[in-house]
Amino acid sequence: MLQVDIKKELADFTLNMQFSVESNILVLFGDSGCGKTTTLRCIAGLLEPDEGVIIHDGKVLYSSEANTFVPPMLRNVGYMFQEFALFPHMNVKKNIWYGVKQKNSKANELYERLMDLLRIEHLASRFIDQLSGGEKQRVALARALMAEPSILLLDEPMSSLDRATRLELQTELKRMHEIWSIPFILVTHDIEEAKALGDQILFMEKGCPVRLEAN
326 MLQVDIKKEL ADFTLNMQFS VESNILVLFG DSGCGKTTTL RCIAGLLEPD EGVIIHDGKV
386 LYSSEANTFV PPMLRNVGYM FQEFALFPHM NVKKNIWYGV KQKNSKANEL YERLMDLLRI
446 EHLASRFIDQ LSGGEKQRVA LARALMAEPS ILLLDEPMSS LDRATRLELQ TELKRMHEIW
506 SIPFILVTHD IEEAKALGDQ ILFMEKGCPV RLEAN
């Protein structure tokens, strides 16, 4: 279980988030600028809260009281950025392998499995500018899962896609979650997407949860 109880002073409001999530999909829903991405960045360790705690499966990732801050590379958190953050000078295979520490037979098996599950085997040698939006989304998801994270954060992963591709990839994402069975925390301001993907939906307004709904 991931437990988050943090505060962070921002320019226009104070982020004040409290929630917990087990091995399901939690959607953070709200208007742009309400603190959704900031929440993800705090969980990933890319931003330090002002106070509070972040605990995953009993491991303290952040605690203001204990003066604990685990750096991002030691949190085992996968982060799929809104713009995918793929490297244009690398082909698909190199992008997916980027950041993998141990390149052994187990990692090779995982790579082959991801390529098959996401149906991107034929893209391995292509460069990023040769891919469609949906293909980039699959490559970014494969790269995030290649690190075998214990938590996956997804920041508006489908915001730039057309409706048909969105629907297809929503199904793909839910299928990947069923296989990996780890907490997925997804940010969106699309209510239909939130309802389609979320086991739980946390509605946010100016840095605070206003209500939590189960799908």
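Under my numbering, the first residue of the sequence shown is numbered 326, with each subsequent residue one higher.
Cβ coordinates follow ideal geometry from the N, Cα and C atoms, glycine included.
- Between the C-alpha atoms of Tyr-404 and Leu-478 there is a straight-line separation of about 5 Å.
- For Gln-495, the CB contacts under 8 Å within the same chain, skipping 5 residues up- and downstream, are Met-483, Glu-518, Ala-521, Leu-522 in chain order.
- Distance between Val-535 and Val-464, taken at the CA atoms: about 34 Å.
- Excluding sequence positions up to five before and after Leu-353, its CB lies within less than 8 Å of the CB of Lys-361, Thr-364, Leu-365, Ile-510, Leu-511, Val-512, Thr-513, Leu-527, Met-529, all in the same chain and listed in chain order.
- Using a Cβ distance threshold of 8 Å, Ile-445 and Glu-434 do not count as a contacting pair.
- In the DSSP assignment, Tyr-423 falls outside any alpha helix (DSSP H) and carries neither an H nor an E.
- DSSP, read as helix, strand or coil, puts Ala-539 in strand.
- Apart from the 5 residues on each side of it in sequence, Glu-538 sits with its Cβ closer than 6 Å to the Cβ of Ile-526 in its chain, given in chain order.
- Ranked by Cα distance from Ile-504, the options Asp-480, Ser-475, Val-385 are led by Ser-475.
- For Leu-479, the uninterrupted beta strand (DSSP E) run begins and ends at 476 to 480, by DSSP.
- One alpha carbon belongs to His-381, the other to Gln-343, and they sit about 14 Å apart.
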